[in-house]
Amino acid sequence: MGYLLFVTLIQAFSFSLIGEYLAGHVDSYFAVLVRVLLAGLVFIPLTRWRQVEPAFMRGMLLIGALQFGVTYVCLYLSFRVLTVPEVLLFTILTPLHVTLIEDALNRRFNPWALIAALVAVLGAAVIRFDRINPDFFMGFLLLQLANFTYAAGQVLYKHLVARHPSDLPHYRRFGYFYLGALAVALPAFLLFGKQNFLPEAPLQWGVLLFLGLVSTALGLYWWNKGACLVSGGTLAVMNNLHVPVGLLINLLIWNQHEELGRLLLGGSEILMAVWISRLGVRQPLTVH
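Under my numbering, the first residue of the sequence shown is numbered 52, with each subsequent residue one higher.
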């Protein structure tokens, strides 16, 4: 639990740093690539290349590609059309994706998850009812893809570690995660990145340094390690704790003039969607 609480504070602060200092100023693909490279410099020298099962290596490569590579490319792109509070609120749906993935792995069908998805979309519409446009929905969909891949990474890591126990410490087998992330981030930057849209101010480089070494290296490692030590229900709750903390930080420091009424109403509907998605967990319908 301690690992998850500490990472929650890091995540809450990181969202505002991305939205206020990088989004719209630094190429999204470059920012993701730098974070992966910095985190890789921390963990790859510590990684054991022998005494690790090939199946575990492949699994970690996939998890890194999903949980960081795809997730953070989509997250950074969403900041182009969404505000920081909107991004934070839309990440509330991560537990919904955790439920869907767990149900799929266990061959269960949870109809409440479908109802929850509709409620979540309505909540998003409430927040932007006067400015709904294709860009807004594209941002919302990008974040749902990010939520799905982030949730998939957590669930798969927990299953992978249970399936391949080892006497090696977690950090000795975690470098493969960042190689998987690099396999997504590097091609994305080479294909879509704008090389004339790189950081110029020292503050932007400082933010990237913090995000790479603290949020990406220590944060993702501690989060996945902590996920293996708690129940699925606790993990779902912890996935959302960064939202109120992040909103508080952002609204107090950067967005004092945000329309709180609609954020509260729409956010409440999105939170209700998460609660609805959990209704079917106790008595799931099994698909034979």
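Ideal Cβ positions, reconstructed from N, Cα and C, are used throughout, including at glycine. Because the structure is a prediction, the values reported are computed rather than measured.
Through-space distance from residue j to residue i, alpha-carbon basis
{"i": "F187", "j": "F130", "result": "10 Å"}
{"i": "L303", "j": "L68", "result": "14 Å"}
{"i": "K245", "j": "A74", "result": "13 Å"}
{"i": "Y54", "j": "C279", "result": "11 Å"}
{"i": "M111", "j": "T122", "result": "15 Å"}
{"i": "F153", "j": "L241", "result": "Here residue 153 is Glu; the residue named in the question, Phe, does not match the sequence. Going from the Cα of E153 to the Cα of L241 covers about 34 Å."}
{"i": "V124", "j": "P162", "result": "30 Å"}
{"i": "Y229", "j": "R159", "result": "31 Å"}
{"i": "Y127", "j": "M323", "result": "26 Å"}
{"i": "V206", "j": "F261", "result": "26 Å"}
{"i": "P253", "j": "I327", "result": "45 Å"}
{"i": "G263", "j": "F191", "result": "25 Å"}
{"i": "L139", "j": "Y208", "result": "24 Å"}
{"i": "F225", "j": "L84", "result": "18 Å"}
{"i": "R223", "j": "L193", "result": "32 Å"}
{"i": "I166", "j": "A234", "result": "35 Å"}
{"i": "R109", "j": "V265", "result": "25 Å"}
{"i": "L299", "j": "M189", "result": "26 Å"}
Anticipated Cβ contact below 8 Å, residue i with residue j, distance rounded
{"i": "G231", "j": "I114", "result": "6 Å"}
{"i": "V258", "j": "Y72", "result": "5 Å"}
{"i": "V87", "j": "F119", "result": "7 Å"}
{"i": "Q195", "j": "H76", "result": "About 25 Å; that fails the 8 Å criterion."}
{"i": "H221", "j": "K276", "result": "5 Å"}
Nonlocal neighbours in the same chain, by C-beta distance under 6 Å from residue i, ignoring five residues either side
{"i": "G70", "result": "F130, V135"}
{"i": "V58", "result": "G270, W273, W274"}
{"i": "A268", "result": "A90, V93"}
Residue i (DSSP reduced to helix, strand or coil)
{"i": "R86", "result": "helix"}
{"i": "L151", "result": "helix"}
{"i": "R223", "result": "helix"}
{"i": "R101", "result": "coil"}
{"i": "R159", "result": "strand"}
{"i": "K209", "result": "helix"}
{"i": "E71", "result": "helix"}
{"i": "K276", "result": "helix"}
{"i": "S217", "result": "coil"}
{"i": "A252", "result": "coil"}
{"i": "Q246", "result": "coil"}
{"i": "D78", "result": "coil"}
{"i": "R109", "result": "helix"}
{"i": "L264", "result": "helix"}
{"i": "L133", "result": "coil"}
{"i": "V281", "result": "coil"}
{"i": "L55", "result": "helix"}
Any chain D beta carbon closer than 8 Å to residue i
{"i": "L260", "result": "In the structure shown, chain D cannot be found, because there is only a single protein chain."}
Cβ shell of residue i (< 7 Å), same chain only, five flanking positions each side left out
{"i": "F243", "result": "Y80"}
{"i": "V103", "result": "R224"}
Distance cut-off 7 Å: residue i Cβ against heavy atoms of the ligand NAP
{"i": "S65", "result": "Absence of the ligand NAP is noted for the structure shown, with no ligands found whatsoever."}
The region 213 to 227 touching the region 134 to 142, judged by at least three CB pairs closer than 8 Å: no
contact_flag[the region 190 to 210, the region 140 to 156] where n(CB pairs < 8 Å) is 3 or more: Of all C-beta pairs linking the region 190 to 210 to the region 140 to 156, three or more are shorter than 8 Å, placing the two stretches in contact.
Inter-stretch contact (C-beta, 8 Å, three-pair minimum) for the region 82 to 102 and the region 57 to 68: no
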